[in-house]
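>
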Amino acid sequence: MKTRGLIDIAEMTTEELDAMMDVALDIVENPAKYAESCKGKKLATLFYEPSTRTRMSFESAMLDLGGSVIGFSDAQSSSVSKGESVADTARTVECFVDVIAMRHPKEGAPLVAQMNVGIPVINAGDGGHNHPTQTLTDLFTIKRELGHLDNLVIGCCGDLKFGRTVHSLVTAMSRYPGVRFVFISPEELRIPEHVRSEVLDAHNIPYVETTSLEDVMPELDILYMTRVQRERFFNEADYLRLRDSYILTPDKLVTAKKEMRILHPLPRVNEISVAVDEDPRAAYFRQVRNGKFIRMALFLKLLGIEVK
Amino acid sequence: MIIGSIRDGIVIDHIPAGRGMELYSYLKLGRLDCEVALIKNAESGKRGKKDIIKIGAPIDINLDILGYIDTGITVNIIRDGQRAEKIHPALPETIVHLIKCKNPRCITSCEQELPHVFRLTDREHGVYRCMYCDTKAEK
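In the order they appear, the protein sequences are chains Y and B. The opening residue of the first sequence carries number 22 in our numbering; numbering runs sequentially from there. The opening residue of the second sequence carries number 303 in our numbering; numbering runs sequentially from there.
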């Protein structure tokens, strides 16, 4: 049987997503029950580019399940700096651990790793492509904050072109009935054509595109803010020109629903003013916490561990 | 222009006009020792113009390449001067090593030994995407 990791959120059925969120919720409510569930299991975090949140989230998730962690957080400190291929690194690491979480600047690198090993590989972000555990985090946060994933108006704001978290979120949320999207971005950072044609249009999901956050604010149930990422641009001038396109401040939230929630994959630069942090609708730090719980549920699923 | 008929071989017909040379290259026909004719801009009832390739020997043809270029292409197998078989290539599910991913962020851009694999993701529009990074193949 082919070893199953998580490379793309589209690989998971809605039933699997729902079941994992149920497990994550149970972990939140009964952490002691899971404290030894991964005893003797080892995670390797292979991070070829910098990350604070995602790597620490993976590591603390495994530690909270009673497992242990090895790995690197800088490609320069590994054999990669000697020119080793992703496949060879993965084959080597497979000899030591039970599961791999990989972040890589090149798109498709975690898939290459998964094709070469017999243990689960989790894509912890590959360039501007996929970041499925962020999507799991986003879904779990929406579920915890609002109680449901259907019949929602989801606003995505900022860099929708290179923002991999937005693409994965749109793909994942499109499977829930009654979901509508509002895309707020400058012209240069619009949601890509392939997401519109192959996800939204293909499944008849209603959406609108706009350049004005203020105009659409009153109708949103979720406002998903993103950062304009310097590392996705080849041209510094383009980055600087678009960086400050949308900045969320308390006065822009005056017309928003009371139950609306603000999510952000973090880190933020300046796209959400710190004054917004005190607003109960700001859910982005709760979102970070949720990321650990859903990653714990993912480890249990991929390692085939059931906790009674 | 007169190009003689062939006794045993293959006629690749209804190639979109102007793409015959590309196909000649993909199929590596330059390496063959037998007679090969590439006819450009031949008259076509259906398309106005078309390209045709005639190969004077029975060789193995990669139908996936033909299907990827255009499903309107026909392959006629000639035996003893008669058409023995007519094949309509279909869109292949996967294309390996035929086209290269042009996304500079794709893992194939830095790991040269990886096979370039494209998968059919939209049959209706004939869209292929890189297996690694989902970049759309440009025809």
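We put the CB at the ideal spot given by N, CA and C, even for glycine.
1. So B/Ile367 is in the alpha helix (DSSP H); what residue range does that whole segment cover?
2. Please specify which runs of the alpha helix (DSSP H), each continuous and at least 4 residues long, are wholly inside the stretch 73–115 of chain Y, giving them in chain order.
3. Can you say whether B/Met323 is buried or exposed, counting buried as having 16 or more other CB atoms within 10 angstroms of its CB?
4. Any C-beta of chain B within less than 7 Å: which residues of the stretch 120–153 of chain Y qualify?
5. How long is the line joining the alpha carbons of B/Ile443 and Y/Gly176, rounded to whole angstroms?
6. Which residues of chain B have a Cβ atom closer than 8 Å to the Cβ of Y/Val203, listed in chain order?
7. Looking only at its chain, what residues have a beta carbon closer than 8 Å to the beta carbon of Y/Met22, apart from the 5 residues adjacent to it on each side?
8. Check distances from the C-beta atoms of the stretch 317–339 of chain B to those of chain Y and list, in chain order, the residues that come in under 8 Å.
9. Could you check if Y/Gly184 is buried or exposed, using at least 16 other CB atoms within 10 Å of its CB as the buried criterion?
10. Please decide whether Y/Ala106 counts as near chain B, where near means a Cβ-Cβ distance under 7 Å.
11. Chain B partners of Y/His215, CB-CB under 7 Å?
12. Cβ closer than 9 Å: which chain Y residues qualify as neighbours of B/Ile397?
13. Roughly how far, in whole angstroms, is the beta-carbon of Y/Leu234 from the beta-carbon of Y/Tyr267, given that I think they are within contact range, below 8 Å?
14. For the stretch 62–69 of chain Y against the stretch 188–195 of chain Y, are there 3 or more C-beta pairs whose distance is under 8 Å?
15. Closer than 8 Å is the cut-off here; do at least three beta carbon pairs connect the stretch 396–412 of chain B with the stretch 364–378 of chain B?
16. Would you mind reading off the limits of the alpha helix (DSSP H) that contains Y/Ile315?
17. Which same chain residues end up closer than 8 Å to B/Thr373 when comparing Cβ atoms and leaving out the 5 residues on each side of it in sequence?
18. Using three-state DSSP, classify B/Ser411 as helix, strand or coil.
19. Straight-line CA distance for B/Leu334 to B/Gly383?
Quick answer:
1. That run of the alpha helix (DSSP H) goes 365–371.
2. As summarised for the stretch 73–115 of chain Y, the continuous alpha helix (DSSP H) elements at least 4 residues long and confined to that stretch are 74–85, 107–115, given in chain order.
3. The residue in question, B/Met323, is exposed, as its Cβ has fewer than 16 Cβ neighbours within 10 Å.
4. Going along the stretch 120–153 of chain Y in chain order, one finds Lys127, Glu128, Gly129, Ala130, Leu132, Val133, Gly148, Gly149, His150 with a Cβ nearer than 7 Å to chain B.
5. In the structure as shown, chain B starts at 303 and stops at 441, and residue 443 of chain B therefore has no counterpart that could be examined.
6. Neighbours of Y/Val203 on chain B: none; closest Cβ ~24 Å, over 8 Å.
7. Reliability fails at Y/Met22, whose pLDDT of 43 lies under 50, so the model's placement of it is uncertain and the value that follows must be treated cautiously. Nothing meets the Cβ criterion.
8. Cβ contacts with chain Y: none found.
9. Burial state of Y/Gly184 is buried, judged by a 10 Å Cβ sphere holding 16 or more other Cβ atoms.
10. Residue identity differs from the one stated: residue 106 of chain Y is Ser in this sequence, not Ala. By this cut-off, Y/Ser106 is an interface position.
11. Under a criterion of Cβ atoms nearer than 7 Å, the residues of chain B adjacent to Y/His215 are, in order, Lys438.
12. Those do not exist, as B/Ile397 stays about 16 Å from chain Y at its closest Cβ, beyond 9 Å.
13. The beta-carbon distance between Y/Leu234 and Y/Tyr267, rounded to whole angstroms, is 6 Å. This is short enough to meet the 8 Å contact definition.
14. Verdict: no, contact absent.
15. Three or more beta-carbon pairs separated by less than 8 Å link the stretch 396–412 of chain B to the stretch 364–378 of chain B, which places the two stretches in contact.
16. In the DSSP assignment, Y/Ile315 falls within the unbroken alpha helix (DSSP H) covering 305–323.
17. For B/Thr373, same chain residues with a beta-carbon under 8 Å away, outside a window of 5 residues either side, are His390, Pro391, Ala392, Leu393, Gly428 in chain order.
18. Taken through DSSP and simplified to helix, strand or coil, B/Ser411 comes out as helix.
19. Going from the Cα of B/Leu334 to the Cα of B/Gly383 covers about 20 Å.
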